[in-house]
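Comments concern the structure below.
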Amino acid sequence: MSGGAQALKDEGTQQQVVIAGAVAGLVSRFVISPLDVIKIRLQLQIHSLSDPLSHRGITGPIYKGTLGTLKAILREEGITALWKGNVPAELLYLAYGSTQFLTYRSTSAILSSGDYTPFHYIPHPGVVSFVSGAFAGTVATTTTYPLDLLRTRFAAQGNERIYASLLSSVREIHKYEGLPGFFRGLGAGVSQIVPYMGLFFLSYETLKPVMSNLSLPLGSGDAAAGVLASVMSKTAVFPLDTVRKRLQVQGPHRARYVHRNIPLYKGVVGTIRTIMRREGMRGMYRGLSVSLLKSAPTSAVTMWTFERVMALERMFDGEEEGK
1 MSGGAQALKD EGTQQQVVIA GAVAGLVSRF VISPLDVIKI RLQLQIHSLS
51 DPLSHRGITG PIYKGTLGTL KAILREEGIT ALWKGNVPAE LLYLAYGSTQ
101 FLTYRSTSAI LSSGDYTPFH YIPHPGVVSF VSGAFAGTVA TTTTYPLDLL
151 RTRFAAQGNE RIYASLLSSV REIHKYEGLP GFFRGLGAGV SQIVPYMGLF
201 FLSYETLKPV MSNLSLPLGS GDAAAGVLAS VMSKTAVFPL DTVRKRLQVQ
251 GPHRARYVHR NIPLYKGVVG TIRTIMRREG MRGMYRGLSV SLLKSAPTSA
301 VTMWTFERVM ALERMFDGEE EGK
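The sequence shown begins at 1 in full-length UniProt numbering and counts up by one.
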């Protein structure tokens, strides 16, 4: 196996990987929260190509571009609105980061050993990275999806508070929508994350050894590899992310979010058809620019923090063993 692909899989113990992944998720989430809120607002915005009044008589788009959205949110809701949904999002990133890295490391080790593959065949390093990344993304997405849904719903709230608190939102969704209500859009989430994480880890493991040979400040080769890998992967699967967001805000309060003209969507395929019919291909990529802007610092901070925390843990454990 190549040195770059082997490095991430052989670093540290499982406990170190879990801690490093969790810390990386928490730090990156706080940093990019404002961009995430802007992205969600743009993705949920409906603007019909054929009807200038759009849906339910709302004239034109509320937000225009990343900067325009930022200004509108600050003007109408204040700076704290840029961190709406941050509590469930922090919990999401905490659980997602640790689950993702642990699953990726464990799966990679299993595949690389050949013990559980037919005829003890050891796949190509690229195949190992893709399969491990896709499986890690699927496991992490499914187990943490309710938190992702809550993050989206809180970020979609305007000045009108639909949910008073995290606990009340859980109670209300369970009461009026049942257990399936927490998993609205999961199909789109899994369909998106499988190719995204597979492509991300494949690209990251490929780019990491190349970037490490460049003279970048502060040892930022890991960050640069994370940025490039994320941009390429995110662009490829972005339409499914939009579908997921539109499905997540379905339910009894659909008309009370900041965008009160969100249509009724049913299923992934039905949502795609409705968006294409009403908004065209552009509707599938609404918010892509801010998403790419968000994914760059997210991946950079995540991978850089992960590698640094792992190094600190190994150093600390080494000092403890030396005593």
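For every residue, glycine included, the Cβ atom is placed at its ideal position computed from N, Cα and C.
Being a predicted model, the structure only gives us computed values, none of them experimental.
With a cutoff of 8 Å on beta-carbon distance, Tyr104 and Ala136 are scored as near each other. Just measuring C-alpha positions, the residue of Gly126, Tyr163, Phe183 sitting nearest Asp148 is Phe183. Secondary structure within the UniProt repeat "Solcar" (12-110): the alpha helix (DSSP H) runs of 4 or more consecutive residues, fully enclosed, are 14-43, 65-77 (chain order).
Contact between the stretch 283-298 and the stretch 233-253 is established, with three or more Cβ pairs separated by less than 8 Å.
The beta carbon of Phe154 sits closer than 6 Å to those of Lys84, Gly85, all from its chain and outside the five residues before and after it, given in chain order.
With fewer than 16 other CB atoms across the displayed protein chains lying within 10 angstroms of its CB, Thr143 is exposed.
Taking C-beta atoms as the reference points, Leu44 and Lys245 count as a pair closer than 8 Å.
The C-beta of Asn159 has fewer than 16 other C-beta atoms within 10 Å across all chains shown, which makes the residue exposed. Linking Val268 to Asp317 through their CA atoms gives a straight-line distance of about 47 Å.
Nearest neighbour of Thr242 by Cα position, chosen from Leu35, Leu42, Gln16, Phe30, turns out to be Leu42. One Cα belongs to Tyr96, the other to Glu177, and the distance between them is close to 24 Å. Arg260 and His253 have their C-alpha atoms some 9 Å from each other. Each residue's CA atom was taken as its position, placing Phe101 and Lys175 some 34 Å apart.
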